[in-house]
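Here's the structure we're looking at; comments come further down.
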Amino acid sequence: MDKAAAPLREAWYYAVPSQKIWRGKTLAKILLGEPILLGRDSEGAVFALRDLCPHRAMPLSCGRFDGREIECCYHGWRFATSGVCTAIPALVDGQKINLDRIAAQRYPVREVSGNIWLYFGADPEGAAAIPELEGFPPDASPQVAETVRFDAAYDHAVIGLMDPGHVPFVHRSWFWRSGRAFAEKEKSFAPSPWGFTMERHATSMNSRAYKLLGGGPMETDIAFTLPGVRVEHTSVGRHTLVNMTAMTPIDDQTVELNNCIYWTMPWLTPLRPVLLPFIRTFLGQDRDALGRQNEGLKYDPQLMLVGDADIQARWYYRLKREYRAARAENRPFENPVKKRTLRWRS
Amino acid sequence: MQVNERAERAKPLREMWYYAMPSAALKPGALAARIYLGEPLVFGRDRDGTAFALRDLCPHRGIPLHHGKFDGGEIECAYHGWRFKPSGQCAAIPALPESHPHDVGRICVPAYPVREVQGNVWVFFGENPEGAPEVPLLPDLEPERRPNMTYAVRVPARPDDALFNLVDPTHNPFIHVSWWWRRRGSIRAKEKAFVPSPYGFTMVPHRPSTNYAPYKLLGGEAQTQIIFRLPGIRIEHMAFGKHRLVTLNTITPISDSEIEESYAIYWTNPLFNLLKPLGRVIVGTFAAQDGGALRLQADGAKYNPSMMLIDDADTQAKWYYRLKQEYARACAEKRPFVNPVQPRVLRFRS
Chain A
-10 MDKAAAPLRE AWYYAVPSQK IWRGKTLAKI LLGEPILLGR DSEGAVFALR DLCPHRAMPL
50 SCGRFDGREI ECCYHGWRFA TSGVCTAIPA LVDGQKINLD RIAAQRYPVR EVSGNIWLYF
110 GADPEGAAAI PELEGFPPDA SPQVAETVRF DAAYDHAVIG LMDPGHVPFV HRSWFWRSGR
170 AFAEKEKSFA PSPWGFTMER HATSMNSRAY KLLGGGPMET DIAFTLPGVR VEHTSVGRHT
230 LVNMTAMTPI DDQTVELNNC IYWTMPWLTP LRPVLLPFIR TFLGQDRDAL GRQNEGLKYD
290 PQLMLVGDAD IQARWYYRLK REYRAARAEN RPFENPVKKR TLRWRS
Chain B
721 MQVNERAERA KPLREMWYYA MPSAALKPGA LAARIYLGEP LVFGRDRDGT AFALRDLCPH
781 RGIPLHHGKF DGGEIECAYH GWRFKPSGQC AAIPALPESH PHDVGRICVP AYPVREVQGN
841 VWVFFGENPE GAPEVPLLPD LEPERRPNMT YAVRVPARPD DALFNLVDPT HNPFIHVSWW
901 WRRRGSIRAK EKAFVPSPYG FTMVPHRPST NYAPYKLLGG EAQTQIIFRL PGIRIEHMAF
961 GKHRLVTLNT ITPISDSEIE ESYAIYWTNP LFNLLKPLGR VIVGTFAAQD GGALRLQADG
1021 AKYNPSMMLI DDADTQAKWY YRLKQEYARA CAEKRPFVNP VQPRVLRFRS
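Protein sequences appear in the order of chains A and B.
All residue numbers for the first sequence refer to the working numbering, where the first residue is -10 and numbers rise by one.
All residue numbers for the second sequence refer to the working numbering, where the first residue is 721 and numbers rise by one.
Have a look at this one:
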């Protein structure tokens, strides 16, 4: 993979929904091509380590976790959740090894709004922030958390996230929109931290599912933030619905999409079982389209970005380039996006 | 030989028409995806019945066009609904608003020249289809004739290995053995005269060997002529009295380790129609026997061994190599092709 296409390292990536990791449990996962052991200690704090014992590279996930320390299954080396080695059972009295100097690599972890995020670079403090969800406290949990895997290179999956042109063709189904419901759209965009935002506007009414939400004027804004997070914020009267989609590279050819939906309307919660199949169909349509695109990309064709519909994709490439350069040169990030109105049909 | 030079020589010829599929496989308004010479192609037939082939990738985001919809007029890409004419020219980009005119006609999917001859679709790889050898017209058959039977099989073989097999007379006694064709051990000395013919060579008309049982049953004065022609075309023409049985047998490379072998068979004797189910079994058995041998050979070829070509049994394979090299050179040097084959009688046991 060429350097431009490689995922940014100095960035927070969505790892798993909080509810996937119970107290005293661990979960092994490959992210950005690296084996990761995620876990939650008996106090409830989340941690992440490289899932390889520094001794003989046995995955630590094959060992045991007592809520405090991980014991490697091979020689019983023990590690604190900080990654530091606490015991090597094979050592006899008098054999002095400074265990503090042995450690499994630790990854910075943050838990925000019911999700666990991981950092892969060297300087998490200077990085693009994990998006805040307006209208929901940091300890809120999503009412819906769906995970889908795509056979796709990261950039293509992210571009699909903010690509208005594919909607009428890929997301064609009776409950969402029919094939003929085409309308000219005009949306104003502005730079926002580490990305851009489609500014607040009255929601377009050709998406039938939205009509069902009812209850007063409906307004939406959509923010994109590096490395690949989209937050759609909709207010209906006094209620709020936030739809967050975060993309995480698993390896060069696989991407995981996590879709978290939060709402304040109490009447919507019992409808969850009804909503889920629709959400899964929708995400499955994206998965199928990206999988097919991946067949074509094997031939390494030249691609095109055409018209206003593809401007957001252009912005993504520029944002990524500038972010990488700024971090490499140790200078502040300068958002390359300018305020602009985009017009397209979808 | 240098490894690079070997790889270069093994590449399929460009500036050539390759067999794609029987015309009947391409229904009006349908799309058919294929990979030939390592390139993804989508074949289609428009409302007027004209066949076409495009690179099977949308120029926008690279998704294969065959996943889209074809109404017999335009292909609509599955991803963003871009529409393309059979010429490859873009006809519409739905996401563009009317207020933003864009010259979509300047966007093109590369189109491959396509020709339909005697019920088969051929596709051209190269720059100059007019200067290349024409799609061969099968002898003794009207131009509008369609094959009475077709058969195609994909084999995991290097293209040149499959080509060698196509012009190799001496694997017959070992590979094509069956009670109804020839017995194991039935091997005898043969003497066949060859002459150069356009872009290849021809085994001049002769009476078929008497160790092929079915020929005895066909009756009449029998004569066989076998024409080989670049890039990988073998035409077997048989005459039984006033009747003809013509077989077009082609190899089209899919990748450097896979080929598609196709058969199109034509006959003039209506009695043969009754035997069609049997014919399918016979051709299928032949193709499977060749495929089996090529598969085994591919296991050995993984070790990249050097190969041997002996006289006279393998002379046709040598000719093939020379023809291929001469054609590649003539194209590179932009000069006329000179057939390197001389008239010659080959003697071998088979």
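Don't be surprised by glycine CBs; every beta carbon is placed ideally from N, CA and C.
Would a C-beta distance cut-off of 8 Å place residue i and residue j closer than the cut-off?
i, j, result
"B:R1073", "B:P918", "It is not possible to answer for residue 1073 of chain B, since the shown part of chain B is limited to 721 through 1070."
"A:L337", "A:H145", "Outside the shown range of chain A (-10 to 335) lies residue 337 of chain A, about which nothing can therefore be said."
"A:C249", "A:V137", "no"
"A:T209", "A:W183", "no"
"A:V35", "A:I10", "yes"
"B:N868", "B:Y986", "yes"
"A:E311", "A:P325", "yes"
"A:C62", "A:G52", "yes"
"B:F804", "B:W737", "no"
"A:T192", "A:T223", "yes"
"B:A771", "B:L746", "yes"
"B:R902", "B:R1069", "no"
"B:G792", "B:D766", "yes"
"B:L857", "B:Q838", "yes"
"A:D241", "A:A142", "yes"
"A:L27", "A:A4", "yes"
"A:A302", "A:L308", "no"
"A:L272", "A:L246", "yes"
"A:E100", "A:T75", "no"
"B:W899", "B:Y739", "no"
Assuming residue i and residue j make a contact with CB atoms under 8 Å, what is their CB distance in whole Å?
i, j, result
"B:M923", "B:Q945", "7 Å"
"B:G764", "B:P830", "Not really, about 15 Å apart at Cβ, beyond 8 Å."
"A:R(-2)", "A:G154", "The pair is not a contact, with the Cβ atoms about 30 Å apart (cut-off 8 Å)."
"B:H822", "A:G296", "6 Å"
"B:A872", "B:E980", "6 Å"
Using a Cβ-Cβ distance under 8 Å, would residue i count as near chain A?
i, result
"B:Y799", "yes"
"B:I783", "yes"
"B:P879", "no"
"B:L774", "no"
"B:P760", "yes"
"B:P973", "no"
"B:P732", "no"
"B:H891", "no"
"B:L994", "no"
"B:P779", "yes"
"B:H787", "yes"
Please confirm if residue i has its CB atom under 8 Å from at least one CB of chain B.
i, result
"A:Y288", "yes"
"A:L272", "no"
"A:L292", "yes"
"A:D(-9)", "no"
"A:W333", "yes"
"A:E173", "yes"
"A:V137", "no"
"A:D82", "no"
"A:N195", "In this predicted model, A:N195 has a pLDDT of only 48, less than 50, meaning its place in the structure is not dependable; the value taken from the coordinates is given anyway. No, because no Cβ of chain B sits closer than 8 Å to the Cβ of A:N195."
"A:D140", "no"
"A:F178", "no"
"A:F158", "yes"
"A:D297", "yes"
"A:P24", "no"
List the DSSP bridge partners of residue i.
i, result
"B:H916", "Note that residue 916 of chain B is Pro in the sequence shown, not His. Note: B:P916 sits in a beta bridge opposite B:F921."
"B:I979", "B:V875 and B:P973"
"B:N868", "None, per the DSSP bridge assignment."
"B:L1066", "B:K912"
"B:G764", "B:L751 and B:F772"
"A:F185", "A:P180 and A:F213"
"A:R334", "A:E173"
"B:K789", "B:E796"
"A:L21", "Per DSSP, none; premise fails for A:L21."
"A:R29", "A:V35"
"B:Y756", "B:E759"
"B:R964", "B:A959"
Following a CB-centred definition, is residue i positioned closer than 7 Å to any heavy atom of the ligand SAH?
i, result
"A:G22", "Looking for the ligand SAH in the displayed structure turns up nothing, as the structure carries no ligands at all."
Subject >> Near-chain A residues of the region 814 to 844 of chain B (beta-carbon distance less than 9 Å), N- to C-terminal order >> reply: P814, A815, L816, P817, E818, S819, H820, H822, V824 and I827
**OP:** Residues of the region 257 to 284 of chain A with a CB closer than 8 Å to any CB of chain B: list them in chain order, please.
**Re:** A278, R281, Q282 and E284
Original post:
Which residues, taken in chain order from the region 224 to 249 of chain A, show a beta carbon closer than 7 Å to some beta carbon of chain B?
Top reply: none
Original post:
Taking any Cβ of chain B, which residues in the region 50 to 69 of chain A have a Cβ under 9 Å from it, in chain order?
Top reply: none
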